[in-house]
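One structure is given here, and the rest of the page talks about it.
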Amino acid sequence: RAPLPSALPPPPPPPAPRPAPPASSSPRAGPAAAARADKKEPDAKIAKTEKETSDKEEEEKSAKPPAGSSKSGWKNWKKKESESGGEESKITYCHWLLKSEPESRLEKGVDVKFSVDDLKAQPNQTTCWDGVRNYQARNFLRSMKLGQQAFFYHSNCKEPGIVALVKIVKEAYPDHTQFDQKDPHYDSTSRKENPKWSMVDVQFVRMTKRFIPLAEIKAHHLAHKADGGPLKDMMLFSRQRLSIQPLTQEEFDFVLSLEEEKPH
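Counting from 1 along the sequence shown, just add 1356 to a position and that's the residue number in our numbering.
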């Protein structure tokens, strides 16, 4: 070790004040600059952020009734808070429309075909309604009550339409396919302690007396928009891509009555 000095040296003089930056200098980086810097990050992260934002917005939207629904069209629908104290209210509806694909289509190498004949071939003509990956459709599943009836609707085929009636025989519970890595509906972000996705069990009730095609229902919908009939707000024509759709009592009764009429 070096010996200690006998006396401390005098302190250095204070530094001279720094000159102010010229007017053209860039400002100190702050939140806005950080936001601009974020835009330069790899596209993968930006895409992930956009997906997370989209999921959040979709979940927030799903807690609200569909846009454009009239007061009269929703008068039979009741709202109540979730028993689990979740972030949104559950809505109890009268009836439902469930879409399924009767023709073969591969999704991640798996055929997702499921027709009404496939349902009838199941043990006790009952199956779980799995694979729903839309927040609003999921919330509709969670709103279903034991014994409620639904139309079985053939979708994504040459002639879409209603072919049968089914009923809910088990209320919402976790969808097992979200945890199955071999399933096309696997969701790596879902956790067993807090599953994202739900399903219900449905049972075949009967075939409709005749096939009720989408084109026929749409013709009535357009007429009812003009004269205020029961199908004026039918979600089948405002949220066409939604695979689970609610029906008011009026909508259900009117559509079911079409099976008694001769096809147009």
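Note that the Cβ used here is the ideal one computed from N, Cα and C, for glycine as well.
Residue interval of the beta strand (DSSP E) (run including residue i)
i	result
Phe-1496	Phe-1496 -> not in any beta strand (DSSP E); alpha helix (DSSP H) instead, spanning 1491-1499.
His-1620	Unbroken run through His-1620: none, as it is neither H nor E.
Ala-1528	1517-1530
His-1510	1505-1510
Thr-1545	Thr-1545 -> no beta strand (DSSP E), and no H or E assigned at all.
Cys-1513	Counting along the chain, Cys-1513 falls outside any beta strand (DSSP E), and DSSP gives it neither H nor E.
Thr-1482	1482-1485
DSSP state of residue i mapped onto helix, strand, coil
i	result
Phe-1470	coil
Asn-1550	strand
Lys-1581	helix
His-1451	strand
Arg-1566	strand
Gln-1601	strand
Gln-1559	strand
Glu-1463	strand
Exposure label - residue i; buried when at least 16 CB within 10 Å
i	result
Ala-1528	buried
Arg-1562	exposed
His-1451	buried
Lys-1464	exposed
Asp-1531	buried
Glu-1616	exposed
Thr-1604	buried
Ser-1460	exposed
Unbroken alpha helix (DSSP H) run spanning residue i, endpoints
i	result
Leu-1608	It should be noted that the sequence gives Phe, not Leu, for residue 1608. That run of the alpha helix (DSSP H) goes 1605-1613.
Nearest-angstrom beta carbon gap, residue j and residue i [assumed within contact, 8 Å]
i	j	result
Leu-1598	Asn-1490	7 Å
Ala-1506	Leu-1454	5 Å
>> Could you check whether the region 1455-1469 touches the region 1544-1556, counting it as contact only if at least three pairs of C-beta atoms, one from each stretch, sit closer than 8 Å?
In response: Contact between the region 1455-1469 and the region 1544-1556 is absent: fewer than three C-beta pairs spanning the two stretches fall below 8 Å.
> Using 8 Å as the Cβ pair cut-off and three pairs as the minimum, do the region 1473-1492 and the region 1547-1561 touch?
Replying inline: yes
>> Count Cβ pairs between the region 1515-1526 and the region 1580-1599 that sit closer than 8 Å; are there 3 or more?
In response: no
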